[in-house]
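Enquirer: If you use my numbering, the sequence shown corresponds to residues 35 to 456, in order.
Have a look at this one.
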Amino acid sequence: MSTPPADAARRAFSYIGFRFFWITTLLVSFAVQIMSVSIAYQIYTVTREPLLVGLVGLCLFLPALVLILVTGLAADRFNRRGIMAICLSVELLCAVGFLLFVNAEAHEIGPLFAILVVLGTARAFWGPAAQSLAPNLVPPEALSNAITVNASAWQIAAIAGPALGGVLYAFGPVIAFGTGAVLLFCAIGSVMMIPKPPQRESHAATSMETLLGGFRYIFSNKVVLGAISLDMFAVLMGGAVAMLPIYATDILHGGSIANGLLRAAPGLGAIAMALFLTRFPIRNFAGRLLFVFVALFGAFTVVFGFSTSIWISIPALALVGASDMVSVTIRETIMQLWTPEEVRGRVNAVNSVFIGASNELGEFRAGTVAHFIGPVAAVVIGGFGAMAVAGIWSQIFPGLRDQDTLDRKMVADGVAEPSTVK
35 MSTPPADAAR RAFSYIGFRF FWITTLLVSF AVQIMSVSIA YQIYTVTREP
85 LLVGLVGLCL FLPALVLILV TGLAADRFNR RGIMAICLSV ELLCAVGFLL
135 FVNAEAHEIG PLFAILVVLG TARAFWGPAA QSLAPNLVPP EALSNAITVN
185 ASAWQIAAIA GPALGGVLYA FGPVIAFGTG AVLLFCAIGS VMMIPKPPQR
235 ESHAATSMET LLGGFRYIFS NKVVLGAISL DMFAVLMGGA VAMLPIYATD
285 ILHGGSIANG LLRAAPGLGA IAMALFLTRF PIRNFAGRLL FVFVALFGAF
335 TVVFGFSTSI WISIPALALV GASDMVSVTI RETIMQLWTP EEVRGRVNAV
385 NSVFIGASNE LGEFRAGTVA HFIGPVAAVV IGGFGAMAVA GIWSQIFPGL
435 RDQDTLDRKM VADGVAEPST VK
């Protein structure tokens, strides 16, 4: 890791390894956004069934849940950059599989779900490796900036990716999935350009205690447990992404372009907030701000749920994304700074499952509820649920609520870090 001048020490882009890491994140995020928009829209177009749209998220989430003990240990035991390259290669094959399937003009959706399971497996290994690699590329004082800047990469993709996916799908699904495949191929080259970072690798014999090391650390540290579980339950309740094709088609009476614009709106708000946080980073009251913005995330979700105008829906979703960006920056910075290097992969594997539960499983929840009581009720109830989670968690985890800054650790009542981690 090269050493930048003192005045640049806090800027993540001062480090060459992080620059290639950011480019990789950008390319992968664009590919995932384009393919996810295309898959969801194709399944709903063919079936007109919200429950099957929700199953897309379930197929992507289950592999991370089933393999949680293996993926985290792999990130701690093996080269994280190499794991990322292998995962990208598998994702490239999945993109080719989608391409071949739609090129055959088949109307069955079973093969799509089979490919989604394979894609979910690759993403299960990717998550812990990528999340654990970032702290190896920058010093602690630049970590908060790195998390914000890296989040901006996938938010840039979230702005342009869904709209681009909608446009490409309008020209044909072959073009959409083909573009995803090209981006993943470029991402493989980018990740291999990351200089091999320092990583503490353990060669101790694998035991059940070792496999469960991530869980042991999380449940012994209430600040980390609160940060991870807050995201899971808030977005599990408030996530409305699975409903966007339904809103675009049946409520706002748009089409694939409208669907892409709705998908882009949260990213637009998030990237604006990321730019603001880069210029004006959070200095004080980090814990309290975390809970305030999680509550706002739920409130703006409620506004979107009731909206019947795209001119209200897009700003509401943009504010949802802006609120989420604040909570992401605070939560991820706290979690990475509080987690020892030797157990970071296993902790991030658990975090990936929690994120997957809040996103993919949240889509399944929304699709299932919409199947029985309608999409509007599903989104509105979820928004109120996210607000309730913010209030409840602020009382259950006072150590997280009272965390003041992101620059140093604050030992709160009931919070203790394990002295050793296997």
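Heads up, the beta-carbon is just placed ideally off N, CA and C, and yes, glycines get one too.
Could you say which of Ala156, Phe135 and Tyr49 lies nearest to Leu101 if we only look at CA atoms?
Expert: Residue 101 sits at position 67 when you count from the first residue of the sequence shown. The shortest Cα separation from Leu101 among Ala156, Phe135 and Tyr49 belongs to Ala156.
Enquirer: Taking just the CA atoms, how far does Ala74 sit from Arg111?
Expert: One-based indexing of the sequence shown puts residue 111 at position 77. One-based indexing of the sequence shown puts residue 74 at position 40. One C-alpha to the other measures close to 36 angstroms.
Enquirer: Go through its chain and collect everything with a Cβ distance to Phe334's Cβ below 7 angstroms, but skip five positions before and after it.
Expert: Sequence index remark: in the sequence shown, residue 334 carries index 300 (1-based). Correct list, in chain order: Ala350, Leu353, Val354 and Ser357.
Enquirer: Measure the alpha-carbon distance for Val90 versus Leu218 and round it to whole angstroms.
Expert: Here residue 90 is taken as the residue at index 56 of the sequence shown, counted from 1. Here residue 218 is taken as the residue at index 184 of the sequence shown, counted from 1. Whole-angstrom Cα-Cα distance: 20 angstroms.
Enquirer: Short of 7 angstroms in beta carbon distance, which residues of its chain neighbour Met186, apart from the five on each side in sequence? Order them along the chain.
Expert: Mapped onto the sequence shown, residue 186 falls at position 152. Residue identity check: residue 186 is Ser in the sequence provided, not Met. If we look at Ser186 and ignore the five residues flanking it on each side, its Cβ neighbours are Ile305 and Ala308.
Enquirer: Which residues bound the alpha helix (DSSP H) around Ala320?
Expert: Start at 1 with the first residue of the sequence shown, and residue 320 comes out as number 286. Per DSSP, Ala320 belongs to the alpha helix (DSSP H) from Ala320 to Phe340.
Enquirer: Please return the same chain residues whose Cβ sits closer than 8 angstroms to the Cβ of Leu60, not counting the five positions on each side in sequence.
Expert: Taking the sequence shown and counting its residues from 1, the one referred to as residue 60 is at position 26. Closer than 8 angstroms at the Cβ level, and outside the excluded window around Leu60, lie Ala187, Trp188, Ile190 and Ala191.
Enquirer: Alpha helix (DSSP H) containing Pro432: first to last residue?
Expert: Position 398 of the sequence shown, counting from 1, holds the residue named residue 432. It spans Pro432 to Arg435 - the alpha helix (DSSP H) in which Pro432 sits, taken as one unbroken run.
Enquirer: Going by DSSP, what residue range makes up the alpha helix (DSSP H) through Ala46?
Expert: Working through the sequence shown from its first residue, we reach residue 46 at position 12. First-last for Ala46: undefined, no H or E at that position.
Enquirer: When the distance is taken between beta carbons, is Val136 closer than 8 angstroms to Val208?
Expert: Position 174 of the sequence shown, counted from the start, is the residue given in the question as residue 208. Position 102 of the sequence shown, counted from the start, is the residue given in the question as residue 136. Against a cut-off of 8 angstroms, the Cβ pair of Val136 and Val208 comes out as a contact.
Enquirer: Quick check on the burial criterion: 16 or more other C-beta atoms within 10 angstroms. Buried or exposed for Ala148?
Expert: Position 114 of the sequence shown, counting from 1, holds the residue named residue 148. Ala148 is exposed by the Cβ-count criterion.
Enquirer: Let me know the secondary structure DSSP gives Gly206 once reduced to three states.
Expert: Taking the first residue of the sequence shown as 1, we reach residue 206 at position 172. Reduced to three states, the DSSP call for Gly206 is coil.
Enquirer: Report yes if the CB atom of Ile57 is closer than 8 angstroms to the CB atom of Ser224, and no otherwise.
Expert: As a working note, residue 57 is residue 23 in the sequence shown. As a working note, residue 224 is residue 190 in the sequence shown. Cβ atoms of Ile57 and Ser224: closer than 8 angstroms.
Enquirer: Here's the rule I'm using: 16 or more other beta-carbon atoms within 10 Å means buried, otherwise exposed. How should Leu85 be labelled?
Expert: Residue mapping note: residue 85 aligns to position 51 of the sequence shown, counting from 1. With fewer than 16 Cβ atoms within 10 Å of its Cβ, Leu85 is classed as exposed.
Enquirer: Grab me the residues of Ile68's own chain with a C-beta within less than 7 angstroms of its C-beta, minus the 5 sequence neighbours each way, in chain order.
Expert: For this step, residue 68 is matched to residue 34 along the sequence shown. Correct list, in chain order: Gly195, Leu198, Gly199, Leu202, Ala210, Thr213 and Gly214.
Enquirer: For Ala25, does the count of other Cβ atoms within 10 angstroms reach 16, so buried, or fall short, so exposed?
Expert: As shown, the chain starts at 35 and ends at 456. That puts residue 25 outside it, with no answer to give.
Enquirer: Which class does Phe52 belong to by DSSP, given the choice of helix, strand or coil?
Expert: Start at 1 with the first residue of the sequence shown, and residue 52 comes out as number 18. Three-state DSSP puts Phe52 in a helix.
Enquirer: Below 8 angstroms on the Cβ atoms is my contact criterion, and I expect Gly419 with Ala400 to pass it. Report the Cβ-Cβ distance as a whole number of Å.
Expert: On the sequence shown, residue 419 is found 385 positions in, with the first residue counted as 1. On the sequence shown, residue 400 is found 366 positions in, with the first residue counted as 1. With 8 angstroms as the limit, Gly419 and Ala400 do not qualify as a contact, their Cβ atoms being about 11 angstroms apart.
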